[in-house]
Amino acid sequence: MITNNVIQRTYFISVNNDTGSSFTMEHEDKQYLITAKHVLESLECNNGDSIQIKIFRDEEWFVLYCNVYFHDDPEIDIAVLQTEQVQFPRFPVIFGPNNLILGGDIFFLGFPYGMFTADDGSINQKFPIPFVKKGVLSAMTFKYNITTLYLDAHNNSGFSGGPIVTISSNREMNVVGVNVSYIKHDNVVNVEEQDEDGYLYQKQLEYFENSGIMEAQSIHHVTQIISQNNL
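Numbering (my numbering), first residue to last: 55 to 285.
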């Protein structure tokens, strides 16, 4: 069961009317907002730029001014946001690749398709409550200095940037990664259409399916970004 320690760290954000997920993390007593880099792609920002995103609370969007930082390796799909505008609540959570067991349960939180549970203030200070989904840790790869976690789970648009969580035997919450993607399975279907003269012809339509293989990148890449940028 995911506790409020993680739920109340997970935030619904908007970037140029596209929405995604994010979460707070502390490192050496400094607080950061973490999301997936591709959530910010419409801003066309560079490392260290000052940007504006929006965060949802009490049925309204509020502008949040941040500085954004990326990894030296462009294949790391993680963004670290630093803001002095607001200090988010800090709840006890362990950040690190802890309790990773192949075949073990693993959880992810976020706002699929912009959906959430509204809060009247009694649970999450009027911030929306994220969806919580569960999968199985199927594999881990260490390729080109990138640590990727593969989950047997049905990921959805909008979860990008949300936290990946394991639970230890003594019920401690461990944030182990950042939700970045899922593998798409491409398909082609043949259909028959009619032209202006009434003749039938064959046409191929391409579509993709969610393979059920979800990708996350390790939380240790976040600390690398913080270190590389001397934050």
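All residues carry an ideal CB built from backbone N, CA and C; glycine is no exception.
Since we're looking at a predicted model, the values are computed, not measured.
Limits of the unbroken beta strand (DSSP E) element including ILE61: Here the question's residue 61 lines up with position 7 in the sequence shown. Note, ILE61: premise wrong, no beta strand (DSSP E); alpha helix (DSSP H) at 58–61.
Inter-residue Cα distance where the pair is ILE105 and ILE237: As a first step, residue 105 is located in the sequence shown; it is residue number 51 there, counting from the start. As a first step, residue 237 is located in the sequence shown; it is residue number 183 there, counting from the start. ILE105 and ILE237 have their C-alpha atoms spaced approximately 30 Å apart.
Same chain only: Cβ atoms within 8 Å of LEU156, ignoring 5 sequence neighbours per side: Here residue 156 refers to the residue found at position 102 when the sequence shown is read from its first residue. Around LEU156, the same chain offers LEU191, SER192, ALA193 and MET194 as residues with beta carbons nearer than 8 Å, after the five sequence neighbours per side are excluded.
Enclosing alpha helix (DSSP H) for SER281 [first to last residue]: Indexing the sequence shown from 1 puts residue 281 at position 227. From DSSP, the alpha helix (DSSP H) with SER281 extends over 274–282.
Spatial neighbours of PHE165 in its chain, beta-carbon cut-off 8 Å, leaving aside the 5 residues before and after: If you number the sequence shown from 1, residue 165 lands on position 111. Closer than 8 Å at Cβ, skipping near neighbours: PHE66, THR73, GLY74, SER75, PRO182, PRO184, PHE185, GLY212, PHE213 and GLY216.
Residue from GLU82, GLN278 and LEU87 with nearest C-alpha to ASN199: Position 145 of the sequence shown, counted from the start, is the residue given in the question as residue 199. With distances taken between Cα atoms, ASN199 lies closest to GLN278.
DSSP beta-bridge partners of THR78: Against the sequence shown, residue 78 aligns to sequence position 24. Residue pairing from DSSP places THR78 in a beta bridge opposite LEU87.
Nearest candidate by alpha-carbon position, reference ILE273, set ASN152, ASN210, ILE221 and GLY252: Here residue 273 refers to the residue found at position 219 when the sequence shown is read from its first residue. Comparing Cα-Cα distances from ILE273 to each of ASN152, ASN210, ILE221 and GLY252, the minimum goes to ASN152.
Distance cut-off 8 Å: GLU226 Cβ against heavy atoms of the ligand MG: No copy of the ligand MG occurs in the structure displayed, which carries no ligand at all.
Ordered list of beta strand (DSSP E) runs contained in the segment 99–141, each at least 3 residues: If you keep only unbroken beta strand (DSSP E) runs of at least 3 residues inside the segment 99–141, you get 104–111, 114–124 and 133–136.
Buried or exposed (CB count within 10 angstroms, at least 16 for buried), TYR86: Translated into positions along the sequence shown, residue 86 becomes position 32. With 16 or more other Cβ atoms within 10 Å, it is buried.
Closest by C-alpha distance to ARG111, when choosing among THR64, ASN233, PHE124 and TYR255: Here residue 111 corresponds to residue number 57 of the sequence shown, with the count starting at 1. For the residues THR64, ASN233, PHE124 and TYR255, the minimum Cα distance to ARG111 belongs to THR64.
CB contact flag (ASN228, GLY158, <9 Å): Position 174 of the sequence shown, counted from the start, is the residue given in the question as residue 228. Position 104 of the sequence shown, counted from the start, is the residue given in the question as residue 158. No, these two residues do not count as a Cβ contact at 9 Å.
Limits of the unbroken beta strand (DSSP E) element including LEU191: For the purposes of this step, residue 191 is taken as the residue at position 137 of the sequence shown. It spans 185–197 - the beta strand (DSSP E) in which LEU191 sits, taken as one unbroken run.
PRO217 in three-state terms, based on DSSP: Taking the first residue of the sequence shown as position 1, residue 217 is located at position 163. DSSP, reduced to helix, strand and coil, places PRO217 within a strand of the structure shown.
Touching by the beta-carbon criterion (3+ pairs, under 8 Å), the segment 123–131 and the segment 246–260: Contact between the segment 123–131 and the segment 246–260 is absent, because fewer than three Cβ pairs lie under 8 Å.
DSSP three-state assignment for VAL232, whether helix, strand or coil: Walking along the sequence shown from the start, residue 232 turns up at place 178. DSSP places VAL232 in strand when its eight states are reduced to three.
Option nearest ASN71 by Cα separation, candidates THR57, ASN58 and LEU97: Walking along the sequence shown from the start, residue 71 turns up at place 17. Of the residues THR57, ASN58 and LEU97, the one whose Cα lies closest to the Cα of ASN71 is LEU97.
Those residues which DSSP pairs with GLY164 across a bridge: Taking the sequence shown and counting its residues from 1, the one referred to as residue 164 is at position 110. Residue pairing by DSSP puts GLY164 in a beta bridge opposite PHE185.
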